[in-house]
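J.: If you read the sequences in order, they're chains Z and R.
Each residue of the first sequence is one higher than the one before, starting from 7 at the first, in the numbering used here.
Each residue of the second sequence is one higher than the one before, starting from 7 at the first, in the numbering used here.
Below you'll find the structure I mean.
2 protein chains.
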Amino acid sequence: MSKKIKITVDAVVFGYDQESGIRILLVKRKYEPFKGEWALPGGFILESENLEDAVERELYEETGVRINYLEQLYTFGKVDRDPRSRIISVAYFGLVNSNHYKDIRADTDAEDVDWIKIKDLPSLAFDHKVIIEKAVDRLRSKVRYEPIGFELLDSKFPFSDLEDLYGSLLDKPIDRRNFKKKFMSFGILTELNEFAPKKGAGRPGKLYQFDEAKYKARKENGLFFEI
Amino acid sequence: MSKKIKITVDAVVFGYDQESGIRILLVKRKYEPFKGEWALPGGFILESENLEDAVERELYEETGVRINYLEQLYTFGKVDRDPRSRIISVAYFGLVNSNHYKDIRADTDAEDVDWIKIKDLPSLAFDHKVIIEKAVDRLRSKVRYEPIGFELLDSKFPFSDLEDLYGSLLDKPIDRRNFKKKFMSFGILTELNEFAPKKGAGRPGKLYQFDEAKYKARKENGLFFEI
DNA sequence: GCAAAAGTGTTGGGCCTACACCCATGC
DNA sequence: GCATGGGTGTAGGCCCAACACTTTTGC
């Protein structure tokens with residue numbers, strides 16, 4: 007029987023900004039095991055709590071972040087993945103607009119909290135490196151067949167932000183004309199009559215907005231989103 | 007803390023044959039709760055047992071089936087999914103050649119075991135209906151971008167078996183010429199100089215074999231399998 | 001010889017890729 | 001006026017979908 011087996015949840019939360027690219031929200035552990043090492047936010051689930059609620063609670067407790075997109079990633083259950091005892095972790099994968107959490111501060115349970123570039127990960131507690139690798143794979147593939155990238159951007163964004171995001175996610179240069187043609191052909195973006203705030207030189211870009219209602223409607227009718 | 011939370015594994019095992027199409031391996035429960043109802047094979051995991059080992063063990067104990075393809079599907083953890091207590095289930099998704107288990111017999115833990123057509127599912131214990139729906143979705147989409155269908159067929163098969171399988175999985179008629187052209191273009195099938203045993207009228211078909219080594223090699227070189 | 005299943009090529013259209021110049025703004 | 005970033009169209013090739021007749025076998 008599974009009496010002594012415990013369950014945790016862990017969250018791989020992605021953020022994005024132009025300068026740093028894709029980053030992950032990590033906490034520095036305050037307690038043993040792996041005290042002082044970076045780890046994914048997460049923790050034990052309560053007996054009367056759904057898995058998603060546990061993730062959202064732990065995430066908020068440890069980092070102050072409220073997530074806008076969350077999906078289950080994978081369950082990690084190797085016998086020896088935690089030195090304390092048999093602990094199985096249900097990992098989740100989340101997206102937030104990291105501009106809302108620029109100056110993130112450690113809460114009581116963690117020694118430190120920060121956004122860390124995925125190109126630049128430190129060594130991590132437990133099997134969290136493996137979890138992150140899986141999450142990155144998932145993000146990279148999912149973003150190609152579902153329009154989830156918007157969760158990482160402001161709700162109104164210039165088209166170039168989307169280009170940059172996809173370029174950095176897919177890790178290869180994008181043909182701006184083809185990309186725009188294709189993306190617009192899905193008919194899920196609304197072109198606004200507003201312009202991006204000017205930052206330095208260059209022509210200001212028009213702002214766009216993701217229209218989720220339209221996306222859902224087209225999906226019903228067999229739209230294939232694919233980049 | 008998660009002291010009182012228990013963990014089970016469940017297996018959605020798919021089989022296939024020409025007459026019945028896609029079927030799932032189910033057991034009729036011998037004990038409460040849901041005594042006498044059909045359910046997925048599965049059960050509690052042992053403290054020193056990896057998740058996959060638990061699935062394989064439970065599956066063998068309850069049905070005598072040894073799986074050849076197994077992957078994790080999803081973890082179901084709604085607070086009230088089990089009337090006994092808080093039980094979280096890690097569901098797996100498996101494929102076997104059901105010809106090897108034509109006359110399957112109930113073992114000690116189950117009242118009955120059988121292959122049930124997915125078009126014809128009875129009511130099921132727990133949230134197993136939801137689990138199966140998720141597994142079916144996964145099978146249908148996965149078979150389009152990874153060559154896993156062979157696990158359901160004999161190791162040597164006439165091309166028409168593959169056609170029929172894909173037709174039944176994707177639930178739409180297949181253009182035989184285009185399908186064959188495309189599939190052969192991946193270069194992962196070996197054409198043998200043997201012919202299928204004759205069953206009734208009709209010209210006997212050549213036998214083919216999946217060449218996993220070739221598949222892996224081509225995958226390294228960026229082969230995109232996609233049907 | 002007829003019914004059943006296997007084997008086999010070509011063509012047209014649509015989509016994707018490749019590619020370069022002009023425009024609006026800040027300094 | 002120059003540097004920076006935004007906006008935009010076309011042509012060629014490739015891939016995919018559509019489509020039907022012949023061959024081999026059992027009865």
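No residue lacks a Cβ here, since even glycine has one placed at the ideal position from N, Cα and C.
Rounded C-beta distance between residue 152 (chain R) and residue 82 (chain R)? I'm assuming under 8 Å.
T.: As a working mapping, residue 152 (chain R) is identified with position 146 in the second sequence. As a working mapping, residue 82 (chain R) is identified with position 76 in the second sequence. Not really, about 24 Å apart at Cβ, beyond 8 Å.
J.: Am I right that residue 120 (chain Z) and residue 110 (chain Z) are in contact with their C-beta atoms under 8 Å? What's the rounded C-beta distance?
T.: Counting from one through the first sequence, the residue named residue 120 (chain Z) turns up at place 114. Counting from one through the first sequence, the residue named residue 110 (chain Z) turns up at place 104. Indeed they touch by this definition, with Cβ atoms about 7 Å apart.
J.: Comparing C-alpha positions only, which one of R:90, R:141, R:224 and R:233 sits nearest to residue 182 (chain R)?
T.: The residue you call residue 182 (chain R) lines up with position 176 of the second sequence. Of the listed residues, the one whose Cα sits closest to residue 182 (chain R) is R:233.
J.: To the nearest angstrom, report how far apart residue 175 (chain R) and residue 196 (chain R) are at their CA atoms.
T.: Your numbering for residue 175 (chain R) matches position 169 in the second sequence. Your numbering for residue 196 (chain R) matches position 190 in the second sequence. Roughly 23 Å separates the two Cα atoms.
J.: Give the residues from the region 73 to 88 of chain R that approach chain Z closer than 8 Å (Cβ to any Cβ), ordered along the chain.
T.: Cβ contacts with chain Z come from 78, 80, 81, 83, 84 and 85.
J.: Across the region 60 to 74 of chain Z and the region 31 to 43 of chain R, are there enough close Cβ pairs to call them in contact, namely three or more that are closer than 8 Å?
T.: At 8 Å Cβ cutoff, the stretches do not touch.
J.: Taking Cβ-Cβ distances below 8 Å as the criterion, which residues of the region 57 to 70 of chain R are in contact with chain Z?
T.: Listed in sequence order: 57.
J.: Would you say residue 95 (chain R) faces chain Z, with C-beta separation under 7 Å as the test?
T.: Within the second sequence, residue 95 (chain R) is the residue found at index 89, counting from 1. For residue 95 (chain R), the answer is no, since every Cβ of chain Z falls outside 7 Å of its Cβ.
J.: Is the Cβ of residue 148 (chain R) closer than 7 Å to any Cβ of chain Z?
T.: The sequence position of residue 148 (chain R) within the second sequence is 142, counting from 1. For residue 148 (chain R), the answer is no, since every Cβ of chain Z falls outside 7 Å of its Cβ.
J.: If you draw a straight line from the alpha carbon of residue 213 (chain R) to that of residue 191 (chain R), how long is it in whole angstroms?
T.: The residue you call residue 213 (chain R) lines up with position 207 of the second sequence. The residue you call residue 191 (chain R) lines up with position 185 of the second sequence. Their Cα atoms are separated by approximately 17 Å.
J.: Which value, in whole angstroms, describes the spacing of the CA atoms of residue 5 (chain Z) and residue 167 (chain Z)?
T.: For chain Z, the structure presents residues 7 to 233; residue 5 (chain Z) sits outside this window and is missing.
J.: For residue 233 (chain R), decide whether its Cβ has a neighbour in chain Z, counting only Cβ atoms nearer than 7 Å.
T.: On the second sequence, position 227 is the one that residue 233 (chain R) refers to. No, no contact with chain Z.
J.: For residue 55 (chain Z), go through chain R and note every residue whose CB falls closer than 8 Å to its CB, in chain order.
T.: Looking up residue 55 (chain Z) in the first sequence gives position 49. Result: 85.
J.: Would the region 56 to 63 of chain R count as touching the region 153 to 160 of chain R if we require 3 or more Cβ pairs under 8 Å?
T.: Not touching, per the Cβ criterion.
J.: Under DSSP, the alpha helix (DSSP H) around residue 18 (chain R) begins and ends at which residues?
T.: As a first step, residue 18 (chain R) must be located in the second sequence, where it is residue number 12. Per DSSP, residue 18 (chain R) belongs to no alpha helix (DSSP H); it is in the beta strand (DSSP E), 12 to 23.
J.: Could you name the residues of the same chain whose beta carbon sits closer than 8 Å to that of residue 173 (chain R), not counting the 5 residues immediately before and after it, in chain order?
T.: For the purposes of this step, residue 173 (chain R) is taken as the residue at position 167 of the second sequence. Answer for residue 173 (chain R): 179 and 180, listed in chain order.
J.: Excluding the five sequence neighbours on either side, which residues of its own chain have a C-beta within less than 6 Å of the C-beta of residue 98 (chain Z), listed in chain order?
T.: Translated into the one-based positions of the first sequence, residue 98 (chain Z) becomes position 92. Cβ neighbours of residue 98 (chain Z) beyond the five flanking positions: 17, 61, 76, 78 and 79.
J.: In terms of residues, what are the limits of the beta strand (DSSP E) holding residue 75 (chain R)?
T.: One-based indexing of the second sequence puts residue 75 (chain R) at position 69. Element bounds for residue 75 (chain R): 75 to 82.
J.: Closer than 7 Å by beta-carbon distance: list the chain Z residues that pair up with residue 10 (chain R), in chain order.
T.: In the second sequence, residue 10 (chain R) corresponds to position 4, counting from 1. Result: 53.
J.: Would a check of beta-carbon distances place residue 13 (chain Z) closer than 7 Å to chain R?
T.: The residue you call residue 13 (chain Z) lines up with position 7 of the first sequence. Chain R, which has a Cβ nearer than 7 Å to the Cβ of residue 13 (chain Z), makes this yes.
J.: Counting only beta-carbon atoms, is residue 144 (chain Z) nearer than 7 Å to chain R?
T.: Working through the first sequence from its first residue, we reach residue 144 (chain Z) at position 138. With 7 Å as the cut-off, residue 144 (chain Z) does not count as an interface residue toward chain R.
J.: With distances taken from CA atoms, which of R:194, R:211 and R:203 is nearest residue 223 (chain R)?
T.: As a first step, residue 223 (chain R) is located in the second sequence; it is residue number 217 there, counting from the start. With distances taken between Cα atoms, residue 223 (chain R) lies closest to R:194.
J.: Measuring CB to CB, does residue 29 (chain R) end up less than 7 Å from residue 138 (chain R)?
T.: If you number the second sequence from 1, residue 29 (chain R) lands on position 23. If you number the second sequence from 1, residue 138 (chain R) lands on position 132. No, Cβ-Cβ distance for residue 29 (chain R) and residue 138 (chain R) is not below 7 Å.
J.: Closer than 8 Å by beta-carbon distance: list the chain R residues that pair up with residue 92 (chain Z), in chain order.
T.: Reading the first sequence from its first residue, position 86 is the one you call residue 92 (chain Z). Chain R residues near residue 92 (chain Z): 53 and 54.
J.: Name, in chain order, the residues that DSSP records as bridge partners for residue 122 (chain Z).
T.: Here residue 122 (chain Z) refers to the residue found at position 116 of the first sequence. Partner(s): Z:30.
J.: Is the distance from the Cβ of residue 5 (chain Z) to the Cβ of residue 21 (chain Z) below 7 Å?
T.: Because chain Z spans 7 through 233 in this model, residue 5 (chain Z) falls outside it and cannot be assessed.
J.: Below 7 Å between beta carbons: does that hold for residue 68 (chain R) and residue 116 (chain R)?
T.: If you number the second sequence from 1, residue 68 (chain R) lands on position 62. If you number the second sequence from 1, residue 116 (chain R) lands on position 110. A contact, by the Cβ cut-off of 7 Å.
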